[in-house]
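Data block below; observations after.
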Amino acid sequence: QDNITNEEYPSIAQKLNIVQKKSDKLNIYLNTHTTFDLADNGSNNWSAKFRMKDIRFEAKGYLTDKLFYRLRHKLNQRNEKGSLDGLSKATDILKVGYHFNDKITVIGGKLIQYWGGWEYDLNPIYIYEFSDYGENMDCFQLGAAVIYTPNKDHEFVFQITDNHNDKFEDFYSNYYLPEGIEESKMPLTYIFNWNGNLFSDVIKTRWAVALQTDAKDKHTYSITLGTMLNLPNFQLAFDYMRDDSDLDRLLVASNDAKDYFMSTNTPVNIFEDVTYNSFIAKAEYQPSSSWNLFVKGIYETANVAELEYIDDNFRKSYGYYAGIEYMPFEDQEMRLFLTYLGKKVKFEGNTNLFSNYDKNRISLGVIYRIKAF
Amino acid sequence: QDNITNEEYPSIAQKLNIVQKKSDKLNIYLNTHTTFDLADNGSNNWSAKFRMKDIRFEAKGYLTDKLFYRLRHKLNQRNEKGSLDGLSKATDILKVGYHFNDKITVIGGKLIQYWGGWEYDLNPIYIYEFSDYGENMDCFQLGAAVIYTPNKDHEFVFQITDNHNDKFEDFYSNYYLPEGIEESKMPLTYIFNWNGNLFSDVIKTRWAVALQTDAKDKHTYSITLGTMLNLPNFQLAFDYMRDDSDLDRLLVASNDAKDYFMSTNTPVNIFEDVTYNSFIAKAEYQPSSSWNLFVKGIYETANVAELEYIDDNFRKSYGYYAGIEYMPFEDQEMRLFLTYLGKKVKFEGNTNLFSNYDKNRISLGVIYRIKAF
Amino acid sequence: QDNITNEEYPSIAQKLNIVQKKSDKLNIYLNTHTTFDLADNGSNNWSAKFRMKDIRFEAKGYLTDKLFYRLRHKLNQRNEKGSLDGLSKATDILKVGYHFNDKITVIGGKLIQYWGGWEYDLNPIYIYEFSDYGENMDCFQLGAAVIYTPNKDHEFVFQITDNHNDKFEDFYSNYYLPEGIEESKMPLTYIFNWNGNLFSDVIKTRWAVALQTDAKDKHTYSITLGTMLNLPNFQLAFDYMRDDSDLDRLLVASNDAKDYFMSTNTPVNIFEDVTYNSFIAKAEYQPSSSWNLFVKGIYETANVAELEYIDDNFRKSYGYYAGIEYMPFEDQEMRLFLTYLGKKVKFEGNTNLFSNYDKNRISLGVIYRIKAF
Numbered sequence: 019q020d021n022i023t024n025e026e027y028p029s030i031a032q033k034l035n036i037v038q039k040k041s042d043k044l045n046i047y048l049n050t051h052t053t054f055d056l057a058d059n060g061s062n063n064w065s066a067k068f069r070m071k072d073i074r075f076e077a078k079g080y081l082t083d084k085l086f087y088r089l090r091h092k093l094n095q096r097n098e099k100g101s102l103d104g105l106s107k108a109t110d111i112l113k114v115g116y117h118f119n120d121k122i123t124v125i126g127g128k129l130i131q132y133w134g135g136w137e138y139d140l141n142p143i144y145i146y147e148f149s150d151y152g153e154n155m156d157c158f159q160l161g162a163a164v165i166y167t168p169n170k171d172h173e174f175v176f177q178i179t180d181n182h183n184d185k186f187e188d189f190y191s192n193y194y195l196p197e198g199i200e201e202s203k204m205p206l207t208y209i210f211n212w213n214g215n216l217f218s219d220v221i222k223t224r225w226a227v228a229l230q231t232d233a234k235d236k237h238t239y240s241i242t243l244g245t246m247l248n249l250p251n252f253q254l255a256f257d258y259m260r261d262d263s264d265l266d267r268l269l270v271a272s273n274d275a276k277d278y279f280m281s282t283n284t285p286v287n288i289f290e291d292v293t294y295n296s297f298i299a300k301a302e303y304q305p306s307s308s309w310n311l312f313v314k315g316i317y318e319t320a321n322v323a324e325l326e327y328i329d330d331n332f333r334k335s336y337g338y339y340a341g342i343e344y345m346p347f348e349d350q351e352m353r354l355f356l357t358y359l360g361k362k363v364k365f366e367g368n369t370n371l372f373s374n375y376d377k378n379r380i381s382l383g384v385i386y387r388i389k390a391f
Numbered sequence: 019q020d021n022i023t024n025e026e027y028p029s030i031a032q033k034l035n036i037v038q039k040k041s042d043k044l045n046i047y048l049n050t051h052t053t054f055d056l057a058d059n060g061s062n063n064w065s066a067k068f069r070m071k072d073i074r075f076e077a078k079g080y081l082t083d084k085l086f087y088r089l090r091h092k093l094n095q096r097n098e099k100g101s102l103d104g105l106s107k108a109t110d111i112l113k114v115g116y117h118f119n120d121k122i123t124v125i126g127g128k129l130i131q132y133w134g135g136w137e138y139d140l141n142p143i144y145i146y147e148f149s150d151y152g153e154n155m156d157c158f159q160l161g162a163a164v165i166y167t168p169n170k171d172h173e174f175v176f177q178i179t180d181n182h183n184d185k186f187e188d189f190y191s192n193y194y195l196p197e198g199i200e201e202s203k204m205p206l207t208y209i210f211n212w213n214g215n216l217f218s219d220v221i222k223t224r225w226a227v228a229l230q231t232d233a234k235d236k237h238t239y240s241i242t243l244g245t246m247l248n249l250p251n252f253q254l255a256f257d258y259m260r261d262d263s264d265l266d267r268l269l270v271a272s273n274d275a276k277d278y279f280m281s282t283n284t285p286v287n288i289f290e291d292v293t294y295n296s297f298i299a300k301a302e303y304q305p306s307s308s309w310n311l312f313v314k315g316i317y318e319t320a321n322v323a324e325l326e327y328i329d330d331n332f333r334k335s336y337g338y339y340a341g342i343e344y345m346p347f348e349d350q351e352m353r354l355f356l357t358y359l360g361k362k363v364k365f366e367g368n369t370n371l372f373s374n375y376d377k378n379r380i381s382l383g384v385i386y387r388i389k390a391f
Numbered sequence: 019q020d021n022i023t024n025e026e027y028p029s030i031a032q033k034l035n036i037v038q039k040k041s042d043k044l045n046i047y048l049n050t051h052t053t054f055d056l057a058d059n060g061s062n063n064w065s066a067k068f069r070m071k072d073i074r075f076e077a078k079g080y081l082t083d084k085l086f087y088r089l090r091h092k093l094n095q096r097n098e099k100g101s102l103d104g105l106s107k108a109t110d111i112l113k114v115g116y117h118f119n120d121k122i123t124v125i126g127g128k129l130i131q132y133w134g135g136w137e138y139d140l141n142p143i144y145i146y147e148f149s150d151y152g153e154n155m156d157c158f159q160l161g162a163a164v165i166y167t168p169n170k171d172h173e174f175v176f177q178i179t180d181n182h183n184d185k186f187e188d189f190y191s192n193y194y195l196p197e198g199i200e201e202s203k204m205p206l207t208y209i210f211n212w213n214g215n216l217f218s219d220v221i222k223t224r225w226a227v228a229l230q231t232d233a234k235d236k237h238t239y240s241i242t243l244g245t246m247l248n249l250p251n252f253q254l255a256f257d258y259m260r261d262d263s264d265l266d267r268l269l270v271a272s273n274d275a276k277d278y279f280m281s282t283n284t285p286v287n288i289f290e291d292v293t294y295n296s297f298i299a300k301a302e303y304q305p306s307s308s309w310n311l312f313v314k315g316i317y318e319t320a321n322v323a324e325l326e327y328i329d330d331n332f333r334k335s336y337g338y339y340a341g342i343e344y345m346p347f348e349d350q351e352m353r354l355f356l357t358y359l360g361k362k363v364k365f366e367g368n369t370n371l372f373s374n375y376d377k378n379r380i381s382l383g384v385i386y387r388i389k390a391f
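Chains as they are written, first to last, in this note's numbering: chain A, 19 to 391; chain B, 19 to 391; chain C, 19 to 391.
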């Protein structure tokens, strides 16, 4: 039955095999996250609206036993070439992979970078609001990776990618650069990652260390450690992320300072010697197979060494989320949800330079990963 | 035959069922409208060109017996987030629906708003040129609707959506707003619609009333009534649409006044207290099943109450179209067409303030809704 | 078996036929070209990066025995309406065709123009770097063509399309136009093409002549002749392209002069009476079925008759490429490659007006036309 021939009168089984093989290569998803939001910006000035947080088209499949591909592309972002990688920021993923054997797989193309952390690990449609660290990662990059899987419980990945989608001068185009900073000749990011399952899957890891070249002789050293306690109806995930940047890579600190500098007619500089620390804890409980309750807390600091009038960890950010999710269909990746999301950003030291801010949101909505084929 | 199992050796019927179920979920259309145009702008200054009026990708299908989806996305418009709804204007539709039972269906996502009118009811590839009212409706909005179908001849819909894709300040960003106008906290549109078949389908209705919040305490009340006499080879459709806007919602009057105000260095204001009335009549005759002849007439007025130097119904618009359509294939949604389209816009009162204009077009082309899967 | 009926209990063969017919209509490809580049701009200032040169989605198939369609759309270019043709430059192809009989086929929609030349004939993912002529052709245009195939060895095409995607004033919007130049009323391109196989396919042709209307009474006459010696393991392709433009159509000469004019605060004019000549030779050798070696040389000149201080053929461009391609899978359109690409542009005459430039690139990468369905 399996030898598909080009005979003039193929059997029904042969015909079916051809159709099935073609069909198996393609799987289509529409990743959606839609909400009705009640939101304020800290002034108790609430307003309401419908909003689509995410719409990402996805196609993936196996082309042969060993060769596979995946494309994920946002439908609500401009399709414009990145000046470095030639791809649109709308394209999250465009990868091809090959299994050399059970243990070695190579992938190339536009990849999700292999950072650690459990917040980072999820499909973004399941994230109601990222931490500052996750929000500013710029994590879809062109490159290649080798994946080594010694056994089913451990995966080690070494990945090299471009550092950004745009060239140095475009990435930092809204800022003045400190004097003497020049473009790197090898603007790449190197990541080493370990995904592990320990004690019969009770402890799971998403750990990674990374080195990124942001400019000539300017690097960022990153460590991202996601660790999960995984029990049948309860999970506790804890993420710790740290960046030591010679030149502000995440731009969280530089961005918040931008408004201040602009208001004082001071040149808007990229900060040097910036340290970010992020802590995320998320607890989830499933009272039954179709319900999930969660709480999540985030604490993040930014420290800029170079500036005297700015205190250590001058920027502190707090996030506190809680929510209920209901999965109405067993065979559909759909979640109805009601969530509360709060966030506060506080500046220490000469606080009159920067304005604290906070925001609150109550969202009622639907996450649906439609499997359309 | 129906119980699809994961047995190691599925029967041909089981294999076929899996492939068929997957295939049934996806239907793909390319909605196209292509013409060779001879056009002038009223000065008998004719020019020729090929033009693609429409290219909209569409995918839809049933995911389960009760759950369905539909996506329609233009390929010739920027994919950029609307500042209110987060979606691109290129996305016409991105909806998911669920039939609770024979009578109650709920849909959510980016929806075609349920306005009335037969011009509005058609797939836009079949429209050679919209009325001013239809052209300026901004009718693809994020929200939800309940559809009640008491029997096969009547459908009632209640729908709530965002009022626009962009935030208040972005939607009106090209204009000065009259003093005291503020953003609404609930910028939503409420529509109630009746789609009816009467007297064995001889009379068919697409009627709707709507309330839209355009700004704080500024509303638009709309009534859109489409009624059709539907005989075997002859149809006569009549649409009446009326808008009473506290703040110009369609922007037709404000747009035509814009050039004038800009030329006089007067601030370009959004008009308040604007009334639009539109009348559309279309007669169609099928001498045989593959031919259709039509004539269509449009008369539209705009009245701005607030301004003294502008007369009642200061803007009058006339449209007069005629065409022949030929459907060469029974099993393909393809129409070859030859049409004439004329339009005149006249300003009453102090007519030296505004310039009348008119345009003519002869189009030879193809409308084709390609069913690609 | 073939009569698909709507009976309540279709046979397995009937069911399979329905699924197969639907499946046969759609074929999906992802055309990709990904590289790791070492590049310099002539100053021996090398830098490295990953880059995606091409990502084009493609769908095509037969809708009936005689009716076919094809869509090809770039995922890394803006989706914005061309001001003339209404389509995005991201859309390469959106065509529908019909075989009237074995000899006559008509196609319409956005088409690849039927220029001659073997460089031009290839899917762009297989081109590492186009000649200046090929790079600046603007060759995806809306229109229609009649294809006459008297026998399997010869194909003659007559095609009419728009001349550009954008209107005259938009296409030349970055330049001053010479005095007296006006928009054409029929901005069209007419192409006549011959694709031939001679002496049992040993000689193959892609020849075309064309007339393009660029402005009122301003035309470009083009001749593009691609001829190939086609032996079992060795091919030698030679392309000759010539443009005689009343008004610079390719804009290569005008573009290179632009910087100079801008630096001298002289108005940047479009050149009149421009002649382009391009010569391309490519030799390919296959030592085995999975390896291909090639060398390619390009010599191009641009002559501007009108300007005294500019010599005949004032701009000369040289390209010299070599590469190795390896096809690892028999049943996949994948090529791994290592190439060297060099280019030099020299200006003759008053050479202090313009600056010569050159660039070099070594690329290691993958070309993959993924057949995803």
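We put the beta carbon where it would ideally sit given N, CA and C, even for glycine. As the structure is a prediction and not an experimental result, all values here were calculated from the model.
- Using a Cβ-Cβ distance cut-off of 8 Å, the region 300-320 of chain A and the region 277-288 of chain A are not in contact, since fewer than three pairs of beta carbons, one from each stretch, lie closer than that value.
- For the region 47-74 of chain B, residues whose beta-carbon sits nearer than 9 Å to a beta-carbon of chain C comprise Leu48, Thr50, Thr52, Phe54, Asn63, Trp64, Ser65, Ala66, Lys67, Phe68, Arg69, Met70, Lys71, Asp72 and Ile73.
- With fewer than 16 other beta carbons inside 10 angstroms of its own, Asp330(C) counts as exposed.
- For Ser41(C), the residues of chain A that pass the 9 Å Cβ criterion are Ile36, Val37, Lys40 and Ser41, in the order they occur in the chain.
- C-alpha of Asn49(B) to C-alpha of Ile73(C): approximately 23 Å in a straight line.
- Residue contact with chain C for Gln131(B): absent (no Cβ-Cβ distance below 9 Å to any residue of chain C).
- Within its own chain, the residues whose Cβ lies closer than 6 Å to the Cβ of Arg88(C), once the five positions on either side in sequence are excluded, are Lys78, Ile111 and Lys113, listed in chain order.
- Per DSSP, Ser61(C) is not a residue of any alpha helix (DSSP H), being assigned neither H nor E.
- Between Lys203(A) and Trp64(C), the C-beta gap is smaller than 9 Å, which places the two residues in contact.
- Counting C-beta pairs closer than 8 Å gives three or more between the region 220-234 of chain A and the region 135-144 of chain A, which meets the contact rule.
- Neighbourhood of Asn374(B) in chain C, by CB distance below 9 Å: empty, with the nearest CB roughly 24 Å away.
- In chain order, Met70 make up the part of chain A whose C-beta sits under 8 Å from the C-beta of Lys128(B).
- For Cys157(A), the closest C-alpha among the options Asp120(A), Leu206(A) and Pro196(A) is that of Leu206(A).
- When secondary structure is reduced to three states using DSSP, Glu137(A) falls in the helix class.
- A distance of 9 Å or more separates the beta carbons of Thr123(B) and Asp349(A).
- Listed in chain order, the positions of the region 91-113 of chain C with a beta carbon within less than 9 Å of a beta carbon of chain B are His91, Arg96, Asn97, Glu98, Lys99, Gly100, Leu102, Asp103, Gly104, Leu105, Ser106, Ala108, Thr109 and Leu112.
- Residue state for Leu265(C) is assigned as strand, using DSSP reduced to three classes.
- Setting aside the 5 residues that flank it on each side, Asn154(A) is surrounded in the same chain by Leu268, Leu269 and Val270, each with a C-beta closer than 7 Å to its C-beta; the list follows chain order.
- If one requires a minimum length of 4 residues, the alpha helix (DSSP H) runs lying completely within the region 99-166 of chain B are 136-139 and 150-153, in chain order.
- The beta carbons of Lys67(A) and His51(A) sit no closer together than 9 Å.
- The C-alpha of Tyr208(C) is placed about 22 Å away from the C-alpha of Ile380(B).
- Beta bridge pairing from DSSP links Tyr87(C) with Gly79(C) and Val114(C).
- Residues of chain C whose Cβ lies closer than 7 Å to the Cβ of Lys33(A) are, in chain order, Leu34 and Gln38.
- In terms of Cα proximity to Tyr116(B), the closest of Ile165(B), His91(B), Asn378(B) and Glu201(B) is Ile165(B).
- Counting C-beta atoms within 10 angstroms of its own C-beta, Gly198(A) has fewer than 16 neighbours from the protein chains shown and is therefore classed as exposed.
- Interface annotation, Asp349(B): in contact with chain C, CB-CB separation under 9 Å.
- Gly152(C) sits away from Asp376(C), with the two beta carbons spaced by 9 Å or more.
- Rounded to whole angstroms, the gap between the alpha carbons of Leu102(C) and Pro346(A) is 49 Å.
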